[in-house]
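Report on the structure given below.
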Amino acid sequence: MEWKNLYRGFIMGSIEVVPGISGGTIAVLLGIYEQLIAAIGGFFSKDWKKHFVFLAPLGVGMVIAIFSFAKVIGWLFDHYPVQTQFFFLGLVIGVIPYLYQKAEGKTKFQTKEYLLLIIGIIIVSTLGILNPNEGHIIQDMNTSTYVLLFVAGFIGSSVMIIPGISGSMMMLLLGVYPTIIAAINHFQFSILIVTGTGIALGFIIMSKVIAYFLKNYFTATYAIIIGFVIGAITVVFPGIPAGAGSIIVSVLLFIGGLIAALGLGRLEYK
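Structure below.
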């Protein structure tokens, strides 16, 4: 087992419960994005044992983090939403240099790649200006509700592994995010199983799509991924805080997130 993936999965799971931030973004920062895509897409191949060794500790770390941090993240966003967002803003911006390095942007980016980058920014920024339908915790669980949760899980995970696009944000837009967080906090297994099945299928299908583009259009794919991540800045940015104290704390947390991203990137890319 690649036990180092336990802490990697823990970080990814902690981030994924935050609307606006993609676990795929953190996978890039951790230096495992392409391996993650290959492992998910190849899990049902003859090399499944090799992929299981990679994915199992990663999945365990993510599950532990999601169940551990759902309440913590909820509390932080209830009491210190702006300051919390500034920390995550620092994390997102700190990822960009490693994406550009991975894509060898200095030498390989030409007009086409920069156009794709701009398209990526526009796509994610457009999601950011949409008004999320936060909805409410769904109490009446029936067939149509479970279908909605399955579809939301499928769509959420499909975008979850694309750097810059948040699965949690998609679930907010679909109006099921509060229901899923409540299910995690209260161990409502029927909701978790249905949503989890949709998530698993979304992971498998989208990983094959991304793997194809990485194999055949590596530089162009990373160009649009960088655009997605830059666009995510507009989603995460909460606006200027009110009051000098809040501004100082937000700036310090932003710097903390930036340092954390750069430090983690150096550790993984050394």
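The sequence shown lines up with residues 7 to 276 when you count with my numbering. For every residue, glycine included, the Cβ atom is placed at its ideal position computed from N, Cα and C.
Take the alpha-carbon of Phe-92 and the one of Lys-52: they are about 44 Å apart. By the CB criterion at 8 Å, Ala-44 and Ala-217 fall inside the cutoff.
Lys-118 and Ala-226 have their C-alpha atoms some 8 Å from each other. For the 8 Å CB-CB criterion, Thr-201 and Gly-159 form a contact. Annotated three-state conformation of Glu-110 is coil, per DSSP. When secondary structure is reduced to three states using DSSP, Ile-171 falls in the coil class, being assigned neither helix nor strand.
With fewer than 16 other beta carbons inside 10 angstroms of its own, Ser-150 counts as exposed. Contact between Gly-162 and Gly-208 holds, since their C-beta atoms are separated by about 7 Å, short of 8 Å.
Collapsing the DSSP output to three states places Val-101 in a helix. Inter-residue distance for Gly-237 and Leu-95 is about 11 Å (C-alpha atoms, whole angstroms). In the structure shown, Phe-92 falls within a helical segment according to DSSP collapsed to helix, strand and coil. Contact check for Leu-123 and Ala-229: beta-carbon distance about 5 Å, within the 8 Å limit, so the pair qualifies. With fewer than 16 other Cβ atoms from the protein chains shown falling within 10 Å of its own Cβ, Asn-148 counts as exposed.
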